Structures are given as C-alpha cells and as structure tokens.
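S.K.: First the structure, which I've put down as structure tokens, then a few questions once you've had a look.
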Amino acid sequence: MPCADKRKTEEEGPGTQRLKTLATRILHPNTLLIFLLAPLSAAALIFTFTAGRENTVIGYISYALSAYATAVLTINIPEVSARARALVRSSRIWSLIYGNKYGNRFITDLPYRAIVSLYMSLFMNTLYAAFKLIAGIRYASFWYGADAVFYSVLSAAQFLMLRHVRKKETDLENEYRQYRFCGFLLFALNTAFTGVVFQIVRQNMGYRYPGLMIYIVASYAFICMAVAVVNVIKYRKLNSPVLSAVKAIRLAKASVAMYSLQTAMLISFGGEESEAFKNLMNGLTGVGVCLFICGLAVFMIIRANNNLKKHRH
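Under the numbering used here, the residue at position 115 of the sequence shown is numbered 106, and the numbers go up by one with no gaps.
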C-alpha cells in the first residue's frame, strides 16, 4: 500500500500536490482563524447593510467572506467542537457545573442531555414562530404568516414527540407509530411548502425583512442548521424512533430556514440586472429543499412500516 501511494503521488506531479496543499490550507485554516471568521464576517455584513454598501466592492467582499466563513465552519465542525470542548473543560466554570447534581447529570447522561437540548430547541422554535406571526400581522405579509404556520405545526409535532420521550416505559411499537406520523406530517407540510416555492418562482418574489429583522432570521437559520447537524451526529447512538423523528423535524426546519434566508438575501442585496439569476437560484434551491424533505418523509414512513411489521411478527 505505501508503494502504491508513493506511485500515485509521483504520477500526480508537484503541481497537483501544490494545489491539494493550497486547498487544504484554505479549507482547513488555523483553529484561531476559524473562531475569528464568524464574528469578522458578521461585522462585515452589518457594516455593509447599515452603511448602504450592498452593491459596492466592500459589499461583495463581505458576501464572499461570509460564504467562506460558512463553508469553513461547516467543514471543520468536528475540529471546532473538539477544541471548544477542550477549552470549556479546562475552565473553572466546567468544574462548577460538573460539581452540581443537575449539571453532572447533563454532562454524563447522554439521553438526559438529548431531552434537555430538545426542550431548548422547542422553546426557540416556538419563540421564532411567534416572531413570524407578529411580523406577518405587523407587515400584512403572506410569507411571514405561512412561515408562522409551518413552524407552529413543527413545534406542536415536536412537543408530541417529547411527551413520549419522557415516558420511562419504552413502547417500541408505539414509538414507531409516532415516527411514521411524523413522516406523514412532514410530507403534508412539504406539499404546502412546495406551493410556496412555486409562488416564489412564478411571481419572482420572496421574503423581505425590513430593518434588523434579517439579522434575526440569519442567526436563527445558521443556529438551526448547526444544531441539527451536530445532534444528528451526536445522538445517532440513541436507538429511539421518537428522538430520530425530532431530529428529522430539526433538519426540515433548518432547511426551510436557510431557503427563507437565501430568498431574502437575493432580494435585498441583488441588483435589478440579476432578476433571472435570483429566480433561477430560488427555483433550484427550493426544489432541492422540497426533494430533501420529501425523501426524509418517505424514508421515515417506509422505515416505520418495516419495523412495525417486524415487531408484530
């Protein structure tokens, strides 16, 4: 194997090796730089929007920096998480939390930690649904109202799932029924969301967030996506259909939030000359999100049916 790797390296040549090294350095920079990228890109975007520099060189640089920061943070999530955990565990706050009864349980008990994080997610999701509802009433916006209904239904479904998580007795058959119900719910919501995407593309419209609202929406979208991905990885060992259903809800919610943010960014910061490009991007991304949620829902329904058949036999 070492000889084969050596021959492969020699065949690639020095130019290819330099390109690979450069790409690795760009996508995997120093850990300190990774931690600094998020506040730097956020500060650049805030300056661009508040100073009215959206269609200037400074604006384009801030957009590129934001895209680069998002890509780097996404690629380096395991490393960033490990470094963050090491930094926290070396602090005095960690010792205080670990010495507390509830804090110790949160740290050492993985199922308990999963339940607590799900309740926190439910609380944030409910607040965001209320925020969208108030914004929809305040600005008489159909898009905000549709979002409020979408997030409210997901919050209700997440609450129903959590009721089963709290039960001490494990009824696997009942959990798979709830899991399947969640799949049907996602399928129905995806049908409604497909109609919203169709209207956005057909009318060449989208979400508009006046003032500082876009920062709230952007923060929520990125936090949702990061938390959804981390929880899928972290709690994959917990063989619980109900927890899997909640993770699926989180992924669907994060996908819709990112799509909403994309349409708002394209409308707010794209010029009049790029109408066709904005419509194309909204259409392609919208179809991608709809297919992803539809595939997730179908997978959940099929998996639940198969496991229910095995359980009955």
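The beta-carbon is built from N, C-alpha and C at its ideal position, and this holds for glycine as well. Owing to the predicted nature of the structure, the values given are computational and were not obtained by experimental measurement.
Closer than 8 Å: is that where the CB of Leu56 sits relative to any heavy atom of the ligand NAP?
M.R.: In the structure on display, the ligand NAP does not appear, and there are no ligands present to speak of.
S.K.: Taking just the CA atoms, how far does Leu153 sit from Asn273?
M.R.: In the sequence shown, residue 273 corresponds to position 282, counting from 1. In the sequence shown, residue 153 corresponds to position 162, counting from 1. If you take the alpha carbons of Asn273 and Leu153, they lie about 34 Å apart.
S.K.: Return the first residue and the last residue of the alpha helix (DSSP H) that Met196 is part of.
M.R.: Translated into positions along the sequence shown, residue 196 becomes position 205. Where Met196 is concerned, there is no enclosing alpha helix (DSSP H), given that its DSSP letter is neither H nor E.
S.K.: Considering just the uninterrupted stretch of the alpha helix (DSSP H) at Leu61, what are its terminal residues?
M.R.: In the sequence shown, counting from the first residue as 1, residue 61 sits at position 70. The sequence shown places Thr at residue 61, not Leu. From DSSP, the alpha helix (DSSP H) with Thr61 extends over Val48 to Ile66.
S.K.: By a C-beta neighbour count over all protein chains shown, 10 Å radius and 16 as the cutoff for buried, is Met111 buried or exposed?
M.R.: Against the sequence shown, residue 111 aligns to sequence position 120. So Met111 counts as exposed.
S.K.: Buried or exposed, going by whether 16 or more other CB atoms sit within 10 Å of the CB of Glu70?
M.R.: Walking along the sequence shown from the start, residue 70 turns up at place 79. Classification for Glu70: exposed.
S.K.: What did DSSP end up calling Ser231 once you bin it into helix, strand or coil?
M.R.: Within the sequence shown, numbered from 1, the residue matching residue 231 stands at position 240. Reduced to three states, the DSSP call for Ser231 is coil.
S.K.: Between which two residues does the alpha helix (DSSP H) carrying His302 extend?
M.R.: The residue you call residue 302 lines up with position 311 of the sequence shown. Element bounds for His302: Glu266 to Arg303.
S.K.: Nearest CA to the CA of Ile292: which residue from Val247, Ile258, Tyr170 and Met196?
M.R.: By one-based count along the sequence shown, residue 292 stands at place 301. Comparing Cα positions, the closest option is Tyr170.
S.K.: Report the rounded CA-to-CA distance for Leu145 versus Asn91, giving the unit in angstroms.
M.R.: What you label residue 145 is simply residue 154 of the sequence shown in a count that begins at 1. What you label residue 91 is simply residue 100 of the sequence shown in a count that begins at 1. Rounded to the nearest angstrom, the two C-alpha atoms are 33 Å apart.
S.K.: For Thr65, which option in Ile284, Ile25, Gly286 and Ala255 has the closest C-alpha, if you only look at C-alpha atoms?
M.R.: In the sequence shown, residue 65 corresponds to position 74, counting from 1. Nearest C-alpha to Thr65: Ile25.
S.K.: Under 6 Å Cβ to Cβ from Ser57, same chain only, skipping five residues before and after it: list those, please.
M.R.: Within the sequence shown, the letter at position 66 stands for residue 57. Scanning its chain for C-beta atoms nearer than 6 Å, with the 5 sequence neighbours on each side dropped, one finds around Ser57 the residues Ser32 and Leu36, in chain order.
S.K.: For Ser108, which three-state DSSP category applies?
M.R.: As a position in the sequence shown, residue 108 is number 117, starting the count at 1. The answer is helix: DSSP assigns Ser108 an H, G or I state.
S.K.: Measure how close the beta-carbons of Ala239 and Cys281 come, nearest whole angstrom, since I'm counting them as under 8 Å.
M.R.: Working through the sequence shown from its first residue, we reach residue 239 at position 248. Working through the sequence shown from its first residue, we reach residue 281 at position 290. In fact, because the Cβ distance is near 15 Å, the residues do not count as touching under 8 Å.
S.K.: Does the beta-carbon distance from Asp138 to Ser235 come in below 9 Å?
M.R.: As a position in the sequence shown, residue 138 is number 147, starting the count at 1. As a position in the sequence shown, residue 235 is number 244, starting the count at 1. It is not a contact, given that the beta carbons lie outside the stated cut-off.
S.K.: Report the option in Ala34, Ala126, Thr15 and Asn296 whose CA atom is closest to the CA atom of Tyr54.
M.R.: Mapped onto the sequence shown, residue 54 falls at position 63. Here the closest residue by C-alpha is Ala34.
S.K.: In three-state DSSP terms, what is Ser132?
M.R.: Taking the sequence shown and counting its residues from 1, one reaches residue 132 at position 141. Coil at Ser132, not helix or strand.
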